[in-house]
Amino acid sequence: MNLSTRQMRAFLHVARIGNFTRAAEQAHITQAGLSILIREMEKQLGCRLFERTTRVVSLTPEGRRLLPVVERLMTDLDDVAAELGAAGDAARRTLRIAATPLVSSHLLPQVFATFRAAHPQVSLRLFDADLRDVEAMVAAGDADMGLGFFFKAAPGLERTPVGRFQLMRVARLDDDADAAPGVGTAPWSSLRGAELVGLPPGNPIQKVIDQHLATIGRADAQRPAFNFFGTLISMVEAGFGTAVMPTFALAACRRHRVRTDVLTKPKVGLDFYRITKRGAHETEAMQAFVATLVKALPELSR
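The numbering used here numbers the first residue of the sequence shown as 1200 and each following residue consecutively.
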């Protein structure tokens, strides 16, 4: 026996209405099609479910015994389907984003505000974590996308560039100096005599920075190092040294008494990536958010 939901729904329509013609209309199928479904059902069960006369269709004893079982099955199925559909709708309207702390605190608030104004039906959830945890959350399906400087794709993840930032010099602003109105420029050679602080030597961004510092004789793995850009900026402001970092930190720098200058000769750009789980479906909300992000990043990097 392998009763289908179509057969059981046809059975319920006829049982409740007592007329094949009207039941077929309510089920949106032809009367012949409805009759075939009932006959197939009776054949599988090995008994008649309806007594048919010219005036009325009524349940047989077997049909009356079957009716509450089918009603319960269809009710449970409809309830679960409705719950799953609601959960699916909520999931499609929720966008979970994982990003590193400075990206979360200084880049994304403005992007989130712009996106929410244009897409109020989408709920945004932000998880701030270090780079490895961002990758782990996306790989596990706990985040729909991750944002950061991913120099290579981790297994099972896809990465797509969404922006590009230049490396800049961040130096303490003298107490008697006025804050610079914008971002200036300075050659890498300006760092030859500076006391430097940076990220840990194993940090991928610091590795790129050290490659260029080496060309002016300033590569030094023993210099003071801090794990987070926010800490690094505060240490520069406090007079502990000069730092090199991507221009995505400009918004954070503007909250401190520091001077920022894009490094030139050469200019060095770093790609900013979005990562997603390989094979994951890209929702309309994800596409819309990425479009908002790509449009906003150039303004946030100058």
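Idealized CB from N, CA, C, for every residue including glycine.
- Three or more Cβ pairs drawn from the region 1291-1305 and the region 1484-1494 lie within less than 8 Å of each other, which places the two stretches in contact.
- Looking at the backbone, the Cα of F1210 and that of L1283 are separated by about 25 Å.
- Burial check for D1275: the Cβ neighbour count within 10 Å stays below 16, so the residue is exposed.
- Rounded to the nearest whole angstrom, the C-alpha separation of D1470 and V1269 is 59 Å.
- DSSP, reduced to helix, strand and coil, places D1275 within a helical segment of the structure shown.
- Between L1202 and Q1230, the C-beta gap is not smaller than 8 Å, which leaves the two residues out of contact.
- Counting along the chain, the unbroken alpha helix (DSSP H) around G1429 starts and ends at F1428 to E1436.
- In this structure, I1404 keeps its C-beta atom at 8 Å or more from the C-beta atom of L1395.
- Along the region 1395-1459, the alpha helix (DSSP H) occurs as fully enclosed runs of 4 or more residues at 1403-1413, 1428-1436 and 1449-1452, listed in sequence order.
- Judged by DSSP in its simplified three-state form, I1235 adopts helix.
- At a Cβ-Cβ threshold of 8 Å, K1476 and L1306 do not count as neighbours.
- Residue pairing for M1367: DSSP places it in a beta bridge opposite M1444 and V1461.
- Three or more beta-carbon pairs separated by less than 8 Å are not found between the region 1430-1442 and the region 1332-1345, which leaves the two stretches without contact.
- At the C-beta level, L1325 and A1448 stay beyond 8 Å of one another.
- Relative to T1482, the option among D1343, R1331, S1389 and I1235 whose CA is nearest is D1343.
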